[in-house]
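K.L.:
In terms of our numbering, the sequence shown opens at residue 63 and continues consecutively.
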Amino acid sequence: MTQSYFLFTLIILPLIGAGVLFFIPTMKKDLMRSVALFTSLVTFGYSVFLWILFDKTTGQFQFVELYNWLPVFNINIYLGVDGISLFFIILTTFLIPMCILAGWDAIQKNVKEYLIAFLILETMMILVFTVLDILLFYIFFESVLLPMFLLVGIWGSRQRKIHAAVQFFLYTLFGSVFMLLAILAIYINAGTTDLQTVVCTNFSPEVQKFLWVAFFASFSVKIPMVPVHIWLPEAHVEAPTAGSVILAGILLKLGGYGFLRLSMNIFPIATAYFTPIILTFCIIGVIYTSLTTLRQTDFKKVIAYTSVAHMGFVVVGMFACNVQGVEGSVILMLSHGFVSSALFLIVGILYDRHHSRVLKYYCGLTQGMPIYATGFLFFSLANLGLPGTSSFIGEFLVLAGALYHNTTVTVMISTAMVFGAAYSIWLFNRVMMGQLILSNIKLILDVTRREVFVMIPFIILTLCMGIYPEMFIEYLHISIKTLILNARV
Numbered sequence: 063m064t065q066s067y068f069l070f071t072l073i074i075l076p077l078i079g080a081g082v083l084f085f086i087p088t089m090k091k092d093l094m095r096s097v098a099l100f101t102s103l104v105t106f107g108y109s110v111f112l113w114i115l116f117d118k119t120t121g122q123f124q125f126v127e128l129y130n131w132l133p134v135f136n137i138n139i140y141l142g143v144d145g146i147s148l149f150f151i152i153l154t155t156f157l158i159p160m161c162i163l164a165g166w167d168a169i170q171k172n173v174k175e176y177l178i179a180f181l182i183l184e185t186m187m188i189l190v191f192t193v194l195d196i197l198l199f200y201i202f203f204e205s206v207l208l209p210m211f212l213l214v215g216i217w218g219s220r221q222r223k224i225h226a227a228v229q230f231f232l233y234t235l236f237g238s239v240f241m242l243l244a245i246l247a248i249y250i251n252a253g254t255t256d257l258q259t260v261v262c263t264n265f266s267p268e269v270q271k272f273l274w275v276a277f278f279a280s281f282s283v284k285i286p287m288v289p290v291h292i293w294l295p296e297a298h299v300e301a302p303t304a305g306s307v308i309l310a311g312i313l314l315k316l317g318g319y320g321f322l323r324l325s326m327n328i329f330p331i332a333t334a335y336f337t338p339i340i341l342t343f344c345i346i347g348v349i350y351t352s353l354t355t356l357r358q359t360d361f362k363k364v365i366a367y368t369s370v371a372h373m374g375f376v377v378v379g380m381f382a383c384n385v386q387g388v389e390g391s392v393i394l395m396l397s398h399g400f401v402s403s404a405l406f407l408i409v410g411i412l413y414d415r416h417h418s419r420v421l422k423y424y425c426g427l428t429q430g431m432p433i434y435a436t437g438f439l440f441f442s443l444a445n446l447g448l449p450g451t452s453s454f455i456g457e458f459l460v461l462a463g464a465l466y467h468n469t470t471v472t473v474m475i476s477t478a479m480v481f482g483a484a485y486s487i488w489l490f491n492r493v494m495m496g497q498l499i500l501s502n503i504k505l506i507l508d509v510t511r512r513e514v515f516v517m518i519p520f521i522i523l524t525l526c527m528g529i530y531p532e533m534f535i536e537y538l539h540i541s542i543k544t545l546i547l548n549a550r551v
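Next up, the structure:
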């Protein structure tokens, strides 16, 4: 079989950029930023070719590449992309240049190391979405922790940044230890960690349940689900703006992707068995975090708790175990990657100017920042699921899938939309409306040209997915249908 090396090239591009940065003198900060931005844009453009060349008529993995790694132990580097992983790869390569632009002026300390960390993080995340070996999936799934730990711990904004970084690292690492033990058990039973071979291996219902719980311990922390969500608001508050963007935009999606790619795929019987418990946790989590959002006084914590609520909605769609629900969960994850990332950028714009995220510090900003207020209003409406935006499509499909599965769950989880409207409108009204507090804000500056250029792509993608979702769904449909058929075997 002739290999295209397409995915290998995509994976290696950010590492080449990181290697070039290593040899640039430390004092040439603008040159380093330009090299990192150019590398990330080239990687994004290259990833778009995946979309252009992708065959949407098949549910099989495409652009498949196989490299010997540990052939004696029947463990090899196996790469491939299907409709589910396709858009997560593109989302990753899209957000990295946005993160570099977001920190263009804000990051002045250790710029070289900061940019290298982002490019290495990009490679690790692309590998998570392309490897078709569960052991390598685990390795790269955990590898993203190190650069993210450094981003929070070194370039964080407050004194508690080390505490937040350690908490993030320990929470996510502890859950993943159980997944490693489960992978070893799978290897002993199947004789390989190749995903497509493992999927065809028959595990007894009892074994499936034990292994499923081990995988769940890892993925539930990454999403995160209540009650293992405590690390997320703390990490968001302490992380730099770009760190929050990549954390909300991609890292939270790793848990959802793991559920789809591994848990539902390998353990269909256990998935059906635990579904009622998971849906119960989701309902409690969505209501709890939505109410908690309304009590926050920190701008970033509000957005962080909304992320937990949205990801609970996502999990409901997955465990509806039908095409509509899973398609809705993937669309909602992609939408959250656009909308939540943009909201964190909006918070970062204010923080860069006034160095405070306390909500009572701000009021009436519409008077002096009309362009900023327009962008904030757009993404607030998108966050609450306004028709015509990407969130509405995802939430509608999730509710449609949940209705097929269980009417009670649908009614309960739909309260998330009411709470979403409440906290989105409350936040915008609190910061943008009313009388300007001149004693707190001495100088009001609207968004710069760079900040506008960063926000425009998010607006375009949010509208495109909301107005014409078929351009995404048609590539997802066959892969998700194949997944659901396997999960029902």
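C-beta: ideal position from N, C-alpha, C; glycine also.
These numbers come from a predicted model, not from an experiment.
Can you tell which of Ala-478, Ala-304, Ser-238 has its C-alpha closest to the C-alpha of Ala-279?
P.N.:
Per the Cα distances, Ser-238.
K.L.:
On the CB-based measure, 16 or more other CB atoms within 10 Å of its CB, does Met-373 come out buried or exposed?
P.N.:
Burial call: buried.
K.L.:
Could you please give the first and the last residue of the uninterrupted beta strand (DSSP E) stretch that includes Tyr-423?
P.N.:
First-last for Tyr-423: undefined, no H or E at that position.
K.L.:
Distance check for Val-388 and Arg-323, CA to CA, integer angstroms please.
P.N.:
Going from the Cα of Arg-323 to the Cα of Val-388 covers about 12 Å.
K.L.:
When DSSP labels each residue in this structure, what does Asn-138 get in the three-state scheme?
P.N.:
Three-state result, Asn-138: strand.
K.L.:
Got a sec, what are the start and stop residues for the alpha helix (DSSP H) Phe-375 sits in?
P.N.:
Counting along the chain, the alpha helix (DSSP H) containing Phe-375 begins and ends at 361-381.
K.L.:
What is the DSSP secondary structure of Gln-358, counted as helix, strand or coil?
P.N.:
In the structure shown, Gln-358 sits in coil (DSSP, three-state: anything other than H, G, I, E or B).
K.L.:
Count the CB pairs spanning the region 501-521 and the region 399-411 that are closer than 8 Å, and state whether there are at least three.
P.N.:
They touch, by the three-pair rule.
K.L.:
Where do the N-terminal and C-terminal ends of the alpha helix (DSSP H) with Leu-208 fall, by residue?
P.N.:
Unbroken alpha helix (DSSP H) run through Leu-208: 207-217.
K.L.:
Sorted by chain position, which residues of the same chain lie with C-beta nearer than 6 Å to Gly-121's C-beta, five sequence neighbours on each side aside?
P.N.:
Excluding residues within five positions, the ones whose Cβ falls inside 6 Å are Ile-540, Ser-541, Thr-544.
K.L.:
Is the beta carbon of Gly-390 sitting closer than 9 Å to the one on Ile-455?
P.N.:
Contact flag set, yes.
K.L.:
Please name the residue, chosen from Val-126, Ser-442, Ala-484, that lies closest to Arg-357 on a Cα-to-Cα basis.
P.N.:
The shortest C-alpha separation from Arg-357 is found at Ala-484.
K.L.:
Does the Cβ of Met-431 have 16 or more other Cβ atoms within 10 Å, making it buried, or fewer, making it exposed?
P.N.:
Buried: at least 16 other Cβ atoms inside 10 Å.
K.L.:
Count the other CB atoms within 10 Å of the CB of His-291; is the residue buried (16 or more) or exposed (fewer)?
P.N.:
Under this definition His-291 is a buried residue.
K.L.:
Using the C-alpha atoms, what's the distance from Thr-254 back to Ser-219?
P.N.:
So the two alpha carbons sit approximately 44 Å from each other.
K.L.:
Ends of the alpha helix (DSSP H) at Asn-130?
P.N.:
That residue, Asn-130, is in no alpha helix (DSSP H); its beta strand (DSSP E) goes 124-132.
K.L.:
Can you pull the DSSP bridge partners for Asp-195?
P.N.:
For Asp-195, which the question treats as bridged, DSSP gives the partners Asp-256.
K.L.:
Please go through the same chain and pick out, in chain order, the residues whose beta-carbon is closer than 8 Å to the beta-carbon of Val-551, but skip the five residues on each side of it.
P.N.:
At Val-551 the pLDDT is 48, less than 50, meaning the model places this residue with poor confidence; the figure from the coordinates comes in the next sentence. For Val-551, where only same-chain residues beyond five positions count, the Cβ hits under 8 Å are Pro-330.
K.L.:
On the criterion of 16 or more Cβ atoms from any shown chain inside 10 Å, does His-467 qualify as buried, or is it exposed?
P.N.:
His-467 should be labelled buried.
K.L.:
For Val-104 and Asn-172, I'd like the C-alpha separation in whole angstroms.
P.N.:
Cα to Cα, the separation comes out at about 24 Å.
K.L.:
Just grab the DSSP bridge partners of Val-110 for me.
P.N.:
Bridge partners of Val-110: none, in fact.
K.L.:
Assign Val-143 to one of three DSSP states: helix, strand, or coil.
P.N.:
Val-143 falls in the strand class under three-state DSSP.
K.L.:
Exposed or buried, His-298, counting other C-beta atoms within 10 Å across all chains shown (16 or more means buried)?
P.N.:
Counting Cβ neighbours within 10 Å, His-298 comes out buried, since at least 16 surround it.
K.L.:
From Ala-310 to Ser-403, what does the alpha carbon distance come to, in whole angstroms?
P.N.:
Cα to Cα, the separation comes out at about 6 Å.
K.L.:
Sorted by chain position, which residues of the same chain lie with C-beta nearer than 7 Å to Phe-150's C-beta, five sequence neighbours on each side aside?
P.N.:
So the list reads Phe-191, Lys-315, Tyr-319, once near-sequence residues are dropped.
K.L.:
Please name the residue, chosen from Leu-232, Val-377, Ser-452, that lies closest to Ile-522 on a Cα-to-Cα basis.
P.N.:
Of the candidates Leu-232, Val-377, Ser-452, the one whose C-alpha sits nearest the C-alpha of Ile-522 is Ser-452.
K.L.:
Beta carbon of Val-460, beta carbon of Leu-394: below 9 Å?
P.N.:
Yes, they are a contact pair.
K.L.:
In angstroms, rounded to a whole number, what distance separates the CA positions of Cys-262 and Thr-185?
P.N.:
Using only the alpha carbons, I get a separation of about 29 Å.
K.L.:
With a cut-off of 8 Å on the beta carbons, I'd call Gly-317 and Phe-281 a contact; round off their distance for me.
P.N.:
At roughly 4 Å, the Cβ-Cβ gap stays under 8 Å, so Gly-317 and Phe-281 are in contact.
K.L.:
Exposed or buried, which one is Tyr-530 when buried takes at least 16 other CB atoms within 10 Å?
P.N.:
Flag for Tyr-530 reads exposed.
K.L.:
In terms of residues, what are the limits of the alpha helix (DSSP H) holding Ile-487?
P.N.:
Residues 477-494.
K.L.:
Give the C-beta separation of Gly-447 and Gly-482 to the nearest angstrom, bearing in mind that I take them to be a contact with Cβ-Cβ under 8 Å.
P.N.:
Their Cβ separation, rounded to whole angstroms, is 6 Å, which keeps Gly-447 and Gly-482 in contact under 8 Å.
K.L.:
Reducing DSSP to helix, strand and coil, say where Lys-118 ends up.
P.N.:
It is coil, neither helix nor strand.
K.L.:
For Pro-449 and Ile-146, what's the separation of their Cα atoms in angstroms?
P.N.:
Approximately 24 Å, taken between the alpha carbons.
K.L.:
Tell me the rounded alpha-carbon separation between Ile-169 and Leu-83.
P.N.:
Each residue's alpha carbon lies about 16 Å from the other.
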